[in-house]
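Residue 55 is where the sequence shown starts when you use the numbering used here, and the numbers rise one by one after that.
The structure appears below as structure tokens.
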Amino acid sequence: LSELMAGSWIPFSRYFFNTIFITLLGTVGHVLIASMAAYPIAKYDFPGKKLLFALVVYSLMFAPQVTAIPNYIIISSIGLIDTPLAIILPAIASSIGFYLMKQFMEQIPMELIESAKIDGASEYRIFFTIVMPLVKPAWLTLVILLFQRLWVTDGGALLFSEELKPLSYALRQVATG
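Structure (structure tokens):
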């Protein structure tokens, strides 16, 4: 492997670091954002709640290949092409985590949340000390799914600089070279 990568100006460890950076930030960001967005939808009533959830469910119908061009246009228009955020932000915004977290959070009895409020707990404390531990199976499932998806990403049409490419790209170069 070291002989095959000797002609490259980029050390192999850089590809490994890029993969870990993209995978960890994308996974942690997705679990946090998805669960924080799902909590009010699952536990509170407000106007437009059903419409928001319906939009999320409809977004699950589209394969990633269908949304690749709109994602590219959005990422390009905000100037994130050739940055790790070009891969991380779409992963964070994925709707599967929102759907999964909402479904799990609906099973939590509202009495637990109400009793915490009576005891003086803030919404953030309720979320992090009561809700998140109770939906651990959901967020562990999300961690596994997203970690696996981000670990094998190769950057595709979003990363062009060799020093930003992930490990799967380098391994593919070794395998074909």
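Cβ coordinates follow ideal geometry from the N, Cα and C atoms, glycine included.
Flag residue i as yes if its beta-carbon sits less than 7 Å from any beta-carbon of chain C, otherwise no.
i, result
"S222", "The chain inventory of the structure shown lacks chain C, comprising one protein chain alone."
To which residues of the same chain is residue i closer than 8 Å at the C-beta, ignoring the five residues directly before and after it?
i, result
"I198", "none"
According to DSSP, simplified to helix, strand and coil, what is residue i?
i, result
"K219", "coil"
"S56", "Only weak support is given to the placement of S56: the predicted model assigns it a pLDDT of 49, under 50, and the value that follows is read from those uncertain coordinates. Three-state DSSP puts S56 in coil, outside helix and strand."
"P163", "coil"
"A211", "coil"
"G174", "coil"
So the alpha helix (DSSP H) residue i belongs to, where does it begin and stop?
i, result
"Y178", "177-180"
"F71", "66-97"
"V197", "190-205"
Between residue i and residue j, is the Cβ-Cβ spacing less than 7 Å?
i, j, result
"M159", "A92", "yes"
"D136", "S215", "yes"
"L204", "G102", "no"
"K190", "I95", "no"
"I180", "I167", "yes"
"I123", "A140", "no"
"Y153", "V120", "no"
"I142", "I74", "no"
"P163", "N72", "no"
Between residue i and the rest of its own chain, which residues show a CB-CB distance below 7 Å, the 5 nearest in sequence each way excluded?
i, result
"H84", "A145, I146, S148, G151, L196, L200"
"R226", "D208"
"R68", "E217"
Ignore the nearest five residues each way along the sequence and tell me which others in residue i's own chain have a CB closer than 6 Å to its CB.
i, result
"I64", "E216, E217"
"L86", "none"
Alpha helix (DSSP H) runs wholly inside the stretch 100-149, at least 4 long, in chain order: Qualifying alpha helix (DSSP H) stretches, in chain order: 103-113, 118-131, 139-146.
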